[in-house]
Amino acid sequence: MKKSSGLKQIPWSYVRTGLLILLFVYSCSLVNAGSLYQITINGQLAFPQGDFKKNAADLGGGFGFDFIYQPKSLPFGIGGSLGFIFYGYESYRDYFYSGPYSFPVDVSTTNGIFTGHFMIRYQSRHGKIRPYFEGLVGFNYLTTDTKIDVSGWGDEGFDIHNFDDMSLSYGAGAGILWYLSGQPPASDQSTTYAKLWEILLDIKLRYLFGGEAEYLTEGSIYEENDMWYYDVRTSKTNMLTFNIGITFIF
Numbered sequence: 023m024k025k026s027s028g029l030k031q032i033p034w035s036y037v038r039t040g041l042l043i044l045l046f047v048y049s050c051s052l053v054n055a056g057s058l059y060q061i062t063i064n065g066q067l068a069f070p071q072g073d074f075k076k077n078a079a080d081l082g083g084g085f086g087f088d089f090i091y092q093p094k095s096l097p098f099g100i101g102g103s104l105g106f107i108f109y110g111y112e113s114y115r116d117y118f119y120s121g122p123y124s125f126p127v128d129v130s131t132t133n134g135i136f137t138g139h140f141m142i143r144y145q146s147r148h149g150k151i152r153p154y155f156e157g158l159v160g161f162n163y164l165t166t167d168t169k170i171d172v173s174g175w176g177d178e179g180f181d182i183h184n185f186d187d188m189s190l191s192y193g194a195g196a197g198i199l200w201y202l203s204g205q206p207p208a209s210d211q212s213t214t215y216a217k218l219w220e221i222l223l224d225i226k227l228r229y230l231f232g233g234e235a236e237y238l239t240e241g242s243i244y245e246e247n248d249m250w251y252y253d254v255r256t257s258k259t260n261m262l263t264f265n266i267g268i269t270f271i272f
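This note's numbering puts the first residue of the sequence shown at 23, with every later residue one more than the last.
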């Protein structure tokens, strides 16, 4: 077991890099009005693999956002994918002591993963059901945070950032877009990219290879002899994810 202060600095430079990539891709889409872009909002289930599954959880859940820009001169699109996955949660009632007084407090701890990936996708542009394949490279940012609500103090309590780490992430995915509504392009307009809008159901699987990272899990924070300790786990962070959501093309 390891004792950690939990004071590691949040690597915001990586997060900023991911956001700059998305901004660059979006700016490119404005250069050529004949090109298309699509936005997807989805829910996701995550299945940790290998030692990550043994240490963390069998199942996690969360949400995600994809953005794809498809130039009219290329058969594939480029973009980014952002998501957040919850893989652990625990809560309990405790007491805060101040001199001779004690106050009940509600403590809740959340374990999560923020994911950010650059993405290249090849997909069919026609038909009611459109298969696609994609490759991804980016990062996993694993974080554990605790919220403490103090009953009767009339405020919202306070938050504690316990621990974080980051790892490289890359992988591939495959899915289908199922046409629901809109104005799709005609088959003879595939090279002209006529004005259109569409709403589609998006269903996909991704396998993401995650590099080695340190992280906390449910029960990793414990008290012993009036001291708090972190039982830090280490492993690769491989995951299989199932995503389902709605895609807007315009």
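In this text, a Cβ means the ideal position worked out from N, Cα and C, and glycines have one as well.
Here the structure is a predicted model, which means the values were calculated and not measured.
Check: Sufficient close CB pairs (3 or more, under 8 Å) joining the region 242-256 to the region 96-104; Outcome: no
Check: For Asp171, the nearest candidate out of Gln205, Leu199, Ser130, Phe136 (CA to CA); Outcome: Ser130
Check: Endpoints, the alpha helix (DSSP H) within which Lys75 is located; Outcome: 72-77
Check: Touch test, the region 191-200 against the region 107-125, Cβ-Cβ under 8 Å, three pairs minimum; Outcome: no
Check: CB of Thr269 within 7 Å of CB of Asp224, strictly; Outcome: yes
Check: Cut-off 8 Å between Cβ atoms - residues of its own chain near Phe231, not counting five sequence neighbours on either side; Outcome: Ser191, Tyr192, Gly193, Lys258, Asn260
Check: Spatial distance of Leu158 from His183 (CA atoms); Outcome: 29 Å
Check: Residues near Ser27 by beta carbon distance below 7 Å, same chain, minus five either side; Outcome: The predicted model places Ser27 with a pLDDT of 39, which falls under 50 and marks its position as unreliable; any figure quoted below should be read in that light. None.
Check: Strand pairing of Glu156, partner residues [DSSP]; Outcome: Arg143, Gly195
Check: Those residues which DSSP pairs with Lys169 across a bridge; Outcome: Ser130, Asp181
Check: Rounded straight-line distance, which links the Cα of Ile221 to that of Arg228; Outcome: 22 Å
Check: Distance between Gly65 and Gly241 (C-alpha atoms, nearest Å); Outcome: 26 Å
Check: Beta carbon of Gly160 nearer than 7 Å to that of His139; Outcome: yes
Check: Residues near Tyr163 by beta carbon distance below 6 Å, same chain, minus five either side; Outcome: Phe136, Met188
Check: Boundaries (first-last residue) of the beta strand (DSSP E) holding Glu240; Outcome: No beta strand (DSSP E) holds Glu240; DSSP gives it neither H nor E.
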